[in-house]
Every structure is written in C-alpha cells, then in structure tokens.
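Visitor: Chains as they are written, first to last, in my numbering: chain A, 174 to 723; chain B, 133 to 218. Beta carbons: idealized from backbone N, C-alpha and C, even for Gly. What follows is a structure written as structure tokens; I'll ask about it next.
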C-alpha cells in the first residue's frame, strides 16, 4: 500500500480504479510573427471566441451547480476582456513580434506570477484562474478550442488523477463515471475545489507527483482527510468499506420507500415531488422516485444568452418537461428574474438599492407583458403533451393575479384565433410574501393552487437576509410568525378547496414534516436526492398516515 | 470629484466575485473610478488591477470618481459593495 498525502478539497470517500489523465498539449514554443496587424486581429478573434465559449459554459454551469458557483465563469470572461491583460498581449505582438498564442501565454503567465506572489492565499489561488483563461485562448489559436475537446471522458466508473483540473473541466465531469478526483497541483481555495464540493465529488488537491505506474491500480480516496491509498491493504480497505457501507445502508433503508404513496387516515394523499432547474434534473427526479415536479425553474432558459428564448424554443423545452414527468403533474414557475438572479438583457443596468424588494419576478414579467405572453403561449401549447401547471412567483396583491390571468387569457385567445392546438393549464401562485400569506383568503378563489416558497417567506417575514451570517440566528429554527402564516394559508386554501404545496428548503427539513402535514400541506417538493428521505419522514413521524403501494 | 471611504466587512476581502461586480458597476459610468488602499490606487474598471490591491477584511478603502456622473458612480459603488456583502 502506498499513501499519497494532499489536501482534502471535497469531502467523502471514493473507491475504485485510478485513471491517470495526461493531456496532450501542443508543446510550448516561442513563435514570432511578421504581420503585426494580422496577428493582432487573430488575437481579438480568439478572445471573442473564448468569450462565447465562456458564455455557453456559464449557462451549462448554472444548470449543473447553480448561479452562485457558476459566477466563476463570468469572472473568467471578465478576465479575458480586462484591459491590462489584452493590452499586455497586444504589446507582446507589437513590440516583441510574438505570435498571438505566444503573446497570450506570456501575458497570462506574467499576470499569474503577480498573483502567485501575493501574500493572501486566496489571491495566490487566482493564478490558476488566469492560466485557465489564457490556456483557453491559446487552445483556440492552436485550433483545438471548444468544450468537447476539453471535456474529460471516462468510459467506466473511476477515480481520476490529473496534474490539475480547470473549473471548466470540473463542471463538465460526468458524475456517474467520476467517483472522485485527485490533482497533483491546485489548492483547496481554487474554484475547482469549490465546484467539486457543490457537485459532491470527493476530491484531493496538491497531492504532489502521482507516478504513471499507479494508473489502473485500485485506490481509496479519502476526501475528508486528503489521503489517497494506492493498492490499499486489507485493514484500510475494510475501514473505508465500513464507512461506505453505512452510507449504503441508509440508501437501502430509504429504498424501501420507493414506489410508496402516503395517504392520511382521512384519505388525503400527501405527495413528495421534486424541484428542478433543467430537463436533465427531471430525469434525475424520476430516478429518485419523485411524484411529479413541484417546481421547475424556467430561468435557465433565459440565462447564458443575449436575448429571450423564442416561444418555439420554450415550447420545445416545456413539451419535453411534460413528457419526461410521465403524466404526473409538472409545475413550471414563470420567469423569476431579478434580485439574486440578474439576467442582463432583462434586468438591465438600472441599479436598485434593494433588489430583493425591487422589480423582480412577476413584477418584471408584468412590466414586460410580451415576455409573459410568449411564455404562456408556449405553456398552453406544451400542456397538450402532459399534466402541466404554471406557477406565478412573488405575488403580493390580488390585482397581480388578475393581470397575469388577463395575459394568460390573451395568449389562449391568440392561439384559438390561429387555430393552434393547446391544452389545459392550471395556474397557481407562490405564497412567499407576508402580504400574500395574509391575503390568502382573497387570493385562494382566484387561483388553482398555492405553493409556499418558504425561503423568501421566511426572509421577508423576519426581515433577515438568509445569506447574512450575522442574522442567521433569527431563522435557524422555523419562526413562530412563519408557522402562523403557513397555518392560516392552509386554512384559507382548505376553505376554498385548493391544494397547498411547499417548495422551499423547509420542505426537505424532516424535523418540520409533521408540522407541515398537520397544517394541511399536501405536497412537499424537494431537491431530487431528498425525495425518499422526506417520504420516509412523512410516513414515520405522522403515525396517523397509512402507506399504500402505488 | 466625489469620494467615500468604505470598510470591508467580508472575511475574504474583495475576492473574485465582488471584484467582478465592482468592475461591472464602475464600467457603467463615464467618470474615472478608482479604489485606493494604503497609498496604492487601482482603476475600478480593471478586474486584475482591483484584485491586485489585495484588499482584506477590515481594510479601509477610498472610492473616488471624477467626471460627469461622479455622484451617481460613487453611489452605485457604495450600493454594489454593500450588496456584494463587502
């Protein structure tokens, strides 16, 4: 057994065969040019292409790891257009007659060295970002650009080893094939490490040289401690096997709840659905046995591009979503942009002092009714292919529902006039503001269902930003004020006979399952991996529930 | 000329993400916008220059704008830095 010590960058344990990835890169050569003008034009064309690539990558990353972590690719794009970087590269061409590729490499290396020499560990780690960006440009200049060429493909489940992975390579890893990864270089502060944590891939960085002879050896990767065991001895293997078995036992325990349905003693059915942000997520949700999609975030359709998607593009996606949900209900939330989800061409440059309280979600849609109309037309057409519902975010007043319904009606009438085919679409609203919760009795008759967005409801009720650790104590436990709001929302919905679901993080908090179900919530929508755990909780904690097989 | 001082409350200082936000904000204005820390000054429209200032937790920085829209620029910088959690 050999042990390689590095830094644990992403927790968890992986065991499998080690696959060492050594990428063939064109040898670094000093190249010169004769035509400065032509070479400068080549440089700018490559920079523009790299920008396009990063735009696409950003969209892909949003889908896979969410906007917060995807922001790194936006930063990469900004690095690419930074005046200092571009001017430096231009100077190498003009004054040193370097080729565009050599100029980019020199400019990138010079900047990376400056960052690498900084005192701050965080800033030191940014050198890797700069090198990744300049490498992207030199790849394009060398004729091997594009994400496909850069993506690491593994054909059987393995632990992979590489000199280093860029954030782009990391976000594109196939989670099913890559059990874990170890890099010779890198740092736990790198964006690669952050992405590995978000993607839940056990990882070790800064492991030092990994000899090629280890390729194909069985390994155990301990991402918690940062140790790679090559050809592990029996004791080591059994120790980690134990830990993995425990995780496996839990998985198996939860498997018993697959295919089950929770029905209360009065016959009410409580379903556990999934929250998703892409079509791929729906596949995962179905694998996790979700009873439908309780929240499909339509934002991803609008991100990573420079203009809104056409009705046709939206129709295709919603149709696929309806089909993939296998006849179960698929609730599509209409565009929820603004606040922490800025979409340049929609939200514009107008600065809001307080974006969480600004022109966002349904307000933005009502300010741009043509946008909402196209979305509704696409939804109505797609509704023909499955069980679709639309859900309106951030309602505060009855008037907003009236306006949205008028847009929906106009969309429907225009389809009728064109004798286009369309289906039946339920329209519900999100209850995520104290105003909506307090007016629930007035809103209930105007809508087909309520879905409580607990993240915003808690934030707005407690006047406490969830991202601000200084005020986290206010929302660590579910506040009594929010409990009261939830109870009264359920009561108002009950009187009107419309269902209530919960699609915020609270739905996945098994300590509160009992409270929610007793209040009258009949659907809990959670991220796909949480479906079985929540179902177990619904069935166990509320003894008055009777499970029946679906 | 308009300026303000701002104390950084983020444990990570001006890290990549807020630096990106600051640059986006500064670029919206025609005024020259700079950030100064300990005698070093960086152009707030340049990402690398800004990150190289190495602004850390509890450092005080001076934001200065000069030009036609200097007032709005400083206001926007303040809002951006605050919203970025700095």
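Any beta carbon of chain B sitting closer than 9 angstroms to that of residue 719 of chain A?
Guide: Here the question's residue 719 of chain A lines up with position 546 in the first chain. Reliability of the predicted coordinates at residue 719 of chain A is poor, the pLDDT of 49 falling under 50, and no value is obtained from them.
Visitor: Measuring only between beta-carbons, confirm whether residue 640 of chain A sits less than 9 angstroms from chain B.
Guide: The residue labelled residue 640 of chain A in the question sits at position 467 within the first chain. Output row for residue 640 of chain A: interface = yes.
Visitor: Using Cβ-Cβ distances below 9 angstroms, what residues of the stretch 164 to 183 of chain B are close to chain A?
Guide: Residues 175, 177, 178, 179, 180, 181 and 183.
Visitor: Show which residues of chain B have a CB atom less than 8 angstroms away from the CB atom of residue 246 of chain A.
Guide: As a first step, residue 246 of chain A must be located in the first chain, where it is residue number 73. Residues of chain B passing the Cβ test: none, with the nearest at roughly 11 angstroms.
Visitor: I need the straight-line Cα distance from residue 605 of chain A to residue 660 of chain A, nearest angstrom please.
Guide: In the first chain, residue 605 of chain A corresponds to position 432, counting from 1. In the first chain, residue 660 of chain A corresponds to position 487, counting from 1. If I take the Cα positions, the gap works out to 14 angstroms.
Visitor: For residue 181 of chain A, write down the residues that DSSP places opposite it in a beta bridge.
Guide: In the first chain, counting from the first residue as 1, residue 181 of chain A sits at position 8. DSSP output for residue 181 of chain A lists A:377 as bridge partner(s).
Visitor: Going by DSSP, which residues form a beta bridge with residue 585 of chain A?
Guide: Translated into positions along the first chain, residue 585 of chain A becomes position 412. Partner(s): none; residue 585 of chain A has no beta bridge.
Visitor: Please classify residue 187 of chain A: does DSSP put it in a helix, a strand, or coil?
Guide: Translated into positions along the first chain, residue 187 of chain A becomes position 14. Three-state result, residue 187 of chain A: strand.
Visitor: Whole-angstrom Cβ separation of residue 235 of chain A and residue 447 of chain A, contact assumed at under 8 angstroms?
Guide: Position 62 of the first chain holds residue 235 of chain A. Position 274 of the first chain holds residue 447 of chain A. Actually they do not touch by this definition, with Cβ atoms about 18 angstroms apart.
Visitor: For the beta strand (DSSP E) containing residue 445 of chain A, list its first residue and its last residue.
Guide: As a first step, residue 445 of chain A must be located in the first chain, where it is residue number 272. Element bounds for residue 445 of chain A: 442 to 449.
Visitor: Can you tell me which of the three DSSP states residue 350 of chain A falls into?
Guide: In the first chain, counting from the first residue as 1, residue 350 of chain A sits at position 177. Three-state result, residue 350 of chain A: coil.
Visitor: Leaving out five residues before and five after residue 354 of chain A in sequence, what residues of the same chain have Cβ atoms less than 6 angstroms from its Cβ?
Guide: On the first chain, position 181 is the one that residue 354 of chain A refers to. Cβ neighbours of residue 354 of chain A beyond the five flanking positions: 333 and 376.
Visitor: Are the C-beta atoms of residue 151 of chain B and some chain A residue less than 9 angstroms apart?
Guide: On the second chain, residue 151 of chain B is found 19 positions in, with the first residue counted as 1. Answer yes: the Cβ-Cβ gap between residue 151 of chain B and chain A drops below 9 angstroms somewhere.
Visitor: Within 10 Å of its beta-carbon, does residue 218 of chain B have 16 or more other beta-carbons around it, so buried, or fewer, so exposed?
Guide: Counting from 1 along the second chain, the entry for residue 218 of chain B is found at position 86. Residue 218 of chain B comes out buried.
Visitor: Alpha carbon to alpha carbon, how far is residue 674 of chain A from residue 698 of chain A?
Guide: Taking the first residue of the first chain as position 1, residue 674 of chain A is located at position 501. Taking the first residue of the first chain as position 1, residue 698 of chain A is located at position 525. Roughly 7 angstroms separates the two Cα atoms.
Visitor: Distance, Cα to Cα, residue 396 of chain A vs residue 183 of chain A?
Guide: What you label residue 396 of chain A is simply residue 223 of the first chain in a count that begins at 1. What you label residue 183 of chain A is simply residue 10 of the first chain in a count that begins at 1. Rounded to whole angstroms, residue 396 of chain A to residue 183 of chain A spans 5 angstroms at the Cα level.
Visitor: Could you check what DSSP says for residue 302 of chain A in three-state terms: helix, strand or coil?
Guide: Taking the first chain and counting its residues from 1, the one referred to as residue 302 of chain A is at position 129. Correct three-state label for residue 302 of chain A: helix.
Visitor: What span of residues does the alpha helix (DSSP H) with residue 289 of chain A cover, start to end?
Guide: In the first chain, the residue the question calls residue 289 of chain A occupies position 116. Start and end: 273 to 289.
Visitor: Scan the stretch 183 to 199 of chain B for residues whose Cβ lies nearer than 8 angstroms to a Cβ of chain A and list them as they occur along the chain.
Guide: Flagged, chain order: 183, 184, 186 and 188.
Visitor: Mapping DSSP to helix, strand and coil, what is residue 613 of chain A?
Guide: Your numbering for residue 613 of chain A matches position 440 in the first chain. Looking at residue 613 of chain A - three-state DSSP - the assignment turns out to be helix.
Visitor: Between which two residues does the alpha helix (DSSP H) carrying residue 152 of chain B extend?
Guide: Locating residue 152 of chain B in the second chain gives position 20, where the first residue counts as 1. Start and end: 148 to 159.
Visitor: Are three or more beta carbon pairs between the stretch 556 to 568 of chain A and the stretch 501 to 516 of chain A nearer than 8 angstroms?
Guide: Flag = yes, the stretch 556 to 568 of chain A and the stretch 501 to 516 of chain A touch.
Visitor: At the 9 angstroms Cβ level, is residue 526 of chain A part of the contact set with chain B, yes or no?
Guide: Position 353 of the first chain holds residue 526 of chain A. Taking Cβ atoms only, chain B reaches closer than 9 angstroms to residue 526 of chain A, which makes this a yes.
Visitor: For residue 444 of chain A, count neighbouring Cβ atoms within 10 angstroms of its own Cβ and tell me buried if that reaches 16, exposed if not.
Guide: As a first step, residue 444 of chain A is located in the first chain; it is residue number 271 there, counting from the start. Answer is buried; the Cβ neighbour count reaches 16.
Visitor: Give a yes or no on whether the C-beta atoms belonging to residue 180 of chain A and residue 378 of chain A are separated by under 9 angstroms.
Guide: Position 7 of the first chain, counting from 1, holds the residue named residue 180 of chain A. Position 205 of the first chain, counting from 1, holds the residue named residue 378 of chain A. Their beta carbons are under 9 angstroms apart, which means residue 180 of chain A touches residue 378 of chain A by this criterion.
Visitor: Please decide whether residue 148 of chain B counts as near chain A, where near means a Cβ-Cβ distance under 9 angstroms.
Guide: The count along the second chain starts at 1 and reaches residue 148 of chain B at position 16. Yes, residue 148 of chain B counts as interfacial toward chain A.
Visitor: Using alpha carbons as the reference points, say which of A:576, A:643, A:207 and A:349 lies closest to residue 189 of chain A.
Guide: Start at 1 with the first residue of the first chain, and residue 189 of chain A comes out as number 16. It is A:349.
Visitor: Assuming contact is defined by CB atoms lying nearer than 9 angstroms, are residue 337 of chain A and residue 320 of chain A in contact in what I supplied?
Guide: In the first chain, residue 337 of chain A corresponds to position 164, counting from 1. In the first chain, residue 320 of chain A corresponds to position 147, counting from 1. No, they are not a contact pair.
Visitor: Could you name the residues of chain B that residue 476 of chain A contacts, counting a contact when the two beta carbons are closer than 7 angstroms?
Guide: Taking the first chain and counting its residues from 1, one reaches residue 476 of chain A at position 303. The contacting residues do not exist; residue 476 of chain A stays about 16 angstroms from chain B at best.
Visitor: At the level of alpha carbons, what is the spacing between residue 637 of chain A and residue 305 of chain A?
Guide: Position 464 of the first chain, counted from the start, is the residue given in the question as residue 637 of chain A. Position 132 of the first chain, counted from the start, is the residue given in the question as residue 305 of chain A. Approximately 38 angstroms between the Cα atoms of the pair.
Visitor: Find out if the Cβ-Cβ distance for the pair residue 232 of chain A, residue 476 of chain A is shorter than 9 angstroms.
Guide: For the purposes of this step, residue 232 of chain A is taken as residue 59 along the first chain, with counting starting at 1. For the purposes of this step, residue 476 of chain A is taken as residue 303 along the first chain, with counting starting at 1. Yes, they are a contact pair.
Visitor: Can you say whether residue 632 of chain A is buried or exposed, counting buried as having 16 or more other CB atoms within 10 angstroms of its CB?
Guide: As a working note, residue 632 of chain A is residue 459 in the first chain. So residue 632 of chain A counts as buried.
Visitor: For a contact defined as C-beta to C-beta under 8 angstroms, what are the partners of residue 292 of chain A on chain B?
Guide: Counting from one through the first chain, the residue named residue 292 of chain A turns up at place 119. By Cβ distance, chain B contributes 186.
Visitor: In or out: residue 723 of chain A buried (at least 16 other Cβ within 10 Å) or exposed?
Guide: Along the first chain, read from residue 1 onward, the residue named residue 723 of chain A stands at position 550. The predicted model places residue 723 of chain A with a pLDDT of 46, which falls under 50 and marks its position as unreliable; any figure quoted below should be read in that light. Exposed: under 16 other Cβ atoms inside 10 Å.
Visitor: Residues of the stretch 273 to 284 of chain A in Cβ contact with chain B at a cutoff of 9 angstroms, in chain order, please.
Guide: So the list reads 284, given in the order they occur along the chain.
Visitor: Could you please give me the residues that DSSP links to residue 762 of chain A through a beta bridge?
Guide: The question about residue 762 of chain A has no answer here: the residues shown for chain A are numbered 174 through 723.
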